[in-house]
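For what it's worth, the working numbering labels the leading residue of the sequence shown as 36, then goes sequentially.
Where a beta carbon is used, it is the ideal one built from N, C-alpha and C, also for glycine.
Note that the structure is a prediction, hence the values are computed from the model and not measured.
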Amino acid sequence: MQISVIRFVAFCLALACVGAESSIEQPYRTAYHFQPPKNWMNDPNGPMFYKGVYHLFYQYNPYGPLWGNITWAHSVSYDLVNWLHLPHALSPTDPFDIKGCFSGSTTILSDGKPAILYTGVYANDSQVQNLALPANLTDPFLTEWVKSPLNPLIIPIDGIDPKNFRDPSTAWQGPDGIWRVIVGGHQNGQGKAILYQSKDFVNWIRSTNPLRSSAKTGMFECPDFYPVSINGNYGVDTSSQDKLTKHVLKASFNGNDYYILGSYTPQTDNFSAESDFLDGSFDFRYDYGKFYASKTFYDSSKKRRISWGWIAEMDGDANALEKGWSGLQSIPRSILLSKTGKQLIQWPIKEIETLRAENVSIQEKQLKGGSVLEVLGVPASQADVEVAFDLTNLKKAEFMVPDGVDPRALGSQQTASFRGMVGPFGLLVLASQGLTEQTAVFVRIFKICCAHV
Numbered sequence: 036m037q038i039s040v041i042r043f044v045a046f047c048l049a050l051a052c053v054g055a056e057s058s059i060e061q062p063y064r065t066a067y068h069f070q071p072p073k074n075w076m077n078d079p080n081g082p083m084f085y086k087g088v089y090h091l092f093y094q095y096n097p098y099g100p101l102w103g104n105i106t107w108a109h110s111v112s113y114d115l116v117n118w119l120h121l122p123h124a125l126s127p128t129d130p131f132d133i134k135g136c137f138s139g140s141t142t143i144l145s146d147g148k149p150a151i152l153y154t155g156v157y158a159n160d161s162q163v164q165n166l167a168l169p170a171n172l173t174d175p176f177l178t179e180w181v182k183s184p185l186n187p188l189i190i191p192i193d194g195i196d197p198k199n200f201r202d203p204s205t206a207w208q209g210p211d212g213i214w215r216v217i218v219g220g221h222q223n224g225q226g227k228a229i230l231y232q233s234k235d236f237v238n239w240i241r242s243t244n245p246l247r248s249s250a251k252t253g254m255f256e257c258p259d260f261y262p263v264s265i266n267g268n269y270g271v272d273t274s275s276q277d278k279l280t281k282h283v284l285k286a287s288f289n290g291n292d293y294y295i296l297g298s299y300t301p302q303t304d305n306f307s308a309e310s311d312f313l314d315g316s317f318d319f320r321y322d323y324g325k326f327y328a329s330k331t332f333y334d335s336s337k338k339r340r341i342s343w344g345w346i347a348e349m350d351g352d353a354n355a356l357e358k359g360w361s362g363l364q365s366i367p368r369s370i371l372l373s374k375t376g377k378q379l380i381q382w383p384i385k386e387i388e389t390l391r392a393e394n395v396s397i398q399e400k401q402l403k404g405g406s407v408l409e410v411l412g413v414p415a416s417q418a419d420v421e422v423a424f425d426l427t428n429l430k431k432a433e434f435m436v437p438d439g440v441d442p443r444a445l446g447s448q449q450t451a452s453f454r455g456m457v458g459p460f461g462l463l464v465l466a467s468q469g470l471t472e473q474t475a476v477f478v479r480i481f482k483i484c485c486a487h488v
């Protein structure tokens with residue numbers, strides 16, 4: 036089989052940006068992705084766009100590169116590419132969060148003011164939901180946040196596991212003016228998106244039924260619930276009452292971010308899903324790589340919904356201590372509903388392309404099966420690559436039954452050295468002379484019924 040490289044372009048990094056100063060000593064520290072100058076980082080929290088400024092909060096250890104001492108770190112940007120790191124927004128200083136200020140979300144209230152709902156942990160490990168508000172709304176960066184004297188606002192009762200009750204979502208407002216929020220929980224062997232309502236964003240009442248529950252998943256971590264437009268290439272505000280939408284429920288479990296689509300009726304708070312989590316058929320995930328605890332927000336300036344996700348390190352504590360840092364955020368992605376209406380599609384935001392400078396290009400190059408083409412002239416240690424392949428024949432693609440197949444596990448079992456009928460083909464990065472060391476980013480094509488995947 037022959038493969039044609041229709042277009043290959045490697046864009047070199049345009050400038051010494053985030054982390055580039057240390058890239059001489061640490062060539063594997065990223066420059067396209069968001070990460071703080073040092074120490075541990077995990078979940079993205081409360082991203083928002085407010086009065087011309089993008090905000091990103093995130094789980095952070097201010098004292099070292101391993102998990103612990105969890106605070107809400109805070110950074111701001113005008114373009115989602117260049118970031119200014121600010122003082123921490125929330126630190127574990129009170130009884131209701133003394134063991135950590137854990138994940139949560141921001142919500143823009145009816146009066147235009149932003150609010151944070153986050154999980155705090157008592158000394159006995161009981162998890163509760165708390166409120167924080169900006170100390171000074173005239174500060175364009177919202178540098179200081181004040182915890183509510185009424186905290187905690189939501190506590191685990193009625194059989195909810197107090198050690199598995201966390202990660203409040205962005206709240207949404209129904210046509211009745213009442214706010215809704217979901218909190219991830221575990222009760223009676225089921226993972227749940229537990230629904231609460233409030234008229235004032237302070238006094239919260241648990242709804243009779245959860246928004247969704249499942250006995251297959253374990254606890255729902257970092258739940259996210261938002262609408263997507265059926266007819267347009269644009270994002271939708273979380274509280275939108277537009278009828279031409281579907282709703283997405285995302286939950287993080289088993290090391291992945293899964294989602295289901297459905298219709299939501301705000302009058303009854305009923306979410307009628309088109310499928311279920313882990314229902315035995317093809318499971319929808321945001322990503323099949325290292326990507327977890329994601330959080331979306333609505334960017335009102337460009338009418339788009341953007342997702343962040345945590346990329347965990349896999350090289351162990353010893354390497355983290357040597358490097359002085361661990362964890363990064365995914366490149367922010369825009370999220371839309373596919374034209375079929377059956378799944379989500381994602382794409383890196385356009386602003387990332389501002390980091391591009393000189394490029395190396397290959398056009399219309401034919402490759403024989405098993406051959407390797409070396410790309411010369413890429414001086415940067417990091418590059419943004421666009422590549423398009425054209426395959427001459429897909430008739431021999433292997434047939435795959437999707438039920439029970441985990442694509443990530445399949446990729447681990449059938450590595451780049453495993454020859455299939457159609458594939459593998461792709462890129463070898465971080466490759467040494469003679470290819471004794473390499474990292475393969477590859478594709479293998481299978482046939483499912485009448486389609487290829």
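Closest in alpha carbon position to residue 269, among 171, 101, 420 and 335, is 335. Counting only the Cα atoms, residue 367 lies some 11 Å from residue 114. Rounded to whole angstroms, the gap between the alpha carbons of residue 409 and residue 420 is 14 Å. For residue 179, no beta strand (DSSP E) encloses it, and the DSSP letter there is neither H nor E. With respect to residue 98, residue 80 sits apart: the two C-beta atoms are not nearer than 9 Å. Bounds of the beta strand (DSSP E) holding residue 419 are 418–426. Contact fails between the stretch 59–68 and the stretch 308–323, because fewer than three Cβ pairs, one in each stretch, are under 8 Å apart. When DSSP states are grouped into helix, strand and coil, residue 387 belongs to the helix group.
Between residue 369 and residue 360, the gap from beta carbon to beta carbon reaches 9 Å or more. Secondary structure of residue 473 (DSSP, three-state): coil.
Separation of the CB atoms of residue 125 and residue 180 is rounded to 6 Å, and the pair is thereby assigned contact status at 8 Å. Just measuring C-alpha positions, the residue of 167, 267, 110 and 287 sitting nearest residue 148 is 167. About 11 Å separates the beta carbon of residue 319 from that of residue 284, a gap too long to meet the 8 Å contact definition. Taking 9 Å as the cut-off, the beta carbon of residue 292 is found closer than this to the beta carbon of residue 328.
Residues of the same chain with a CB within less than 7 Å of the CB of residue 464, apart from the 5 flanking positions on each side, are 474 and 476 in chain order. Membership of residue 256 in any alpha helix (DSSP H) is not indicated; the residue belongs instead to the beta strand (DSSP E) covering 256–264. With a 10 Å radius around the Cβ and a threshold of 16 neighbouring Cβ atoms, residue 120 comes out exposed. Annotation: residue 356 is outside any beta strand (DSSP E); the continuous alpha helix (DSSP H) that includes it extends over 351–358. Short of 7 Å from the beta carbon of residue 45, and not among the five residues preceding or following it, lie these beta carbons of its own chain, in chain order: 394, 395, 410, 413, 418 and 420. Judged by beta-carbon spacing, residue 139 lies within the 9 Å limit of residue 164, meaning their Cβ atoms are closer than that value. Per DSSP, the beta-bridge partners of residue 136 are 155.
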